[in-house]
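*Asks:* Have a look at the structure that comes next, please.
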Amino acid sequence: MFKWIAGGLAAFFSIRYLSRLQRASTNITSRIRVSIHKVNLTGIELKAKVTLQNPNPVNLRIQHPFVKILFKDKILGTSAVENAVIEVEENSEKRFDLSIQSAGWLTLIQILGTKVVSDIRSGNPIQLNIQTQVITRVNGLPYEKQENILLQL
């Protein structure tokens, strides 16, 4: 009889813990800011500052984030893929500074157009409506957030 009670309690607490982790992984929030870091001969280099916030009373294990920068659903650049798992303490946040290398100038001309690319190369002020996509895993569950940002030079 004691085995049944102990087994039932173990099952109850493990299900409760797993449901807390799943709820915590859906409560996580992310913010991203993108800026043009450098314009060189191979293209433009963007900097993305990603903040992942854990407002839960549970520690979370988060895969290092992967960021895509899109313009009208076409990829302008991506961050490097890292196979690292980061522990985010309860009620805290982690910040990541990611370098995003864009495609070459020819691809940028095809995606953005010649006027925008010539403005970027000459340093004229521009404003681009871009989409950012943050992809990661939280406690083994996939997490993806897409956001529209105004990129200014």
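Converting from the sequence shown to the working numbering requires adding 152 to each position, the first position being numbered 1. Ideal Cβ placement from N, Cα and C applies to all residues, glycine included. None of these values were measured; they are calculated from a predicted model.
Between which two residues does the alpha helix (DSSP H) harbouring residue 284 extend?
*Replies:* Your numbering for residue 284 matches position 132 in the sequence shown. Segment 279 to 290 is the beta strand (DSSP E) holding residue 284; no alpha helix (DSSP H) there.
*Asks:* Can you grab the Cα-Cα spacing for the pair residue 201 / residue 230, in whole Å?
*Replies:* Here residue 201 refers to the residue found at position 49 of the sequence shown. Here residue 230 refers to the residue found at position 78 of the sequence shown. Roughly 13 Å between the two C-alpha positions.
*Asks:* Could you tell me the boundaries of the beta strand (DSSP E) in which residue 199 lies?
*Replies:* On the sequence shown, residue 199 is found 47 positions in, with the first residue counted as 1. 195 to 206 is the extent of the beta strand (DSSP E) around residue 199.
*Asks:* Excluding the five sequence neighbours on either side, which residues of its own chain have a C-beta within less than 6 Å of the C-beta of residue 296, listed in chain order?
*Replies:* For this step, residue 296 is matched to residue 144 along the sequence shown. Around residue 296: 287.
*Asks:* Using only CA atoms, which one of 258, 184 and 261 lies nearest to residue 300?
*Replies:* Counting from 1 along the sequence shown, the entry for residue 300 is found at position 148. Among 258, 184 and 261, the Cα nearest to that of residue 300 belongs to 184.
*Asks:* Is residue 180 helix, strand or coil by DSSP?
*Replies:* Your numbering for residue 180 matches position 28 in the sequence shown. Here residue 180 sits in coil by DSSP.
*Asks:* Is residue 224 helix, strand or coil when you go by DSSP?
*Replies:* Translated into positions along the sequence shown, residue 224 becomes position 72. Residue 224 falls in the coil class under three-state DSSP.
*Asks:* Give every residue of the same chain whose Cβ lies closer than 7 Å to the Cβ of residue 257, excluding the five residues on either side of it in the sequence, and list them in chain order.
*Replies:* Numbered from its first residue, the sequence shown carries residue 257 at position 105. 195 and 269.
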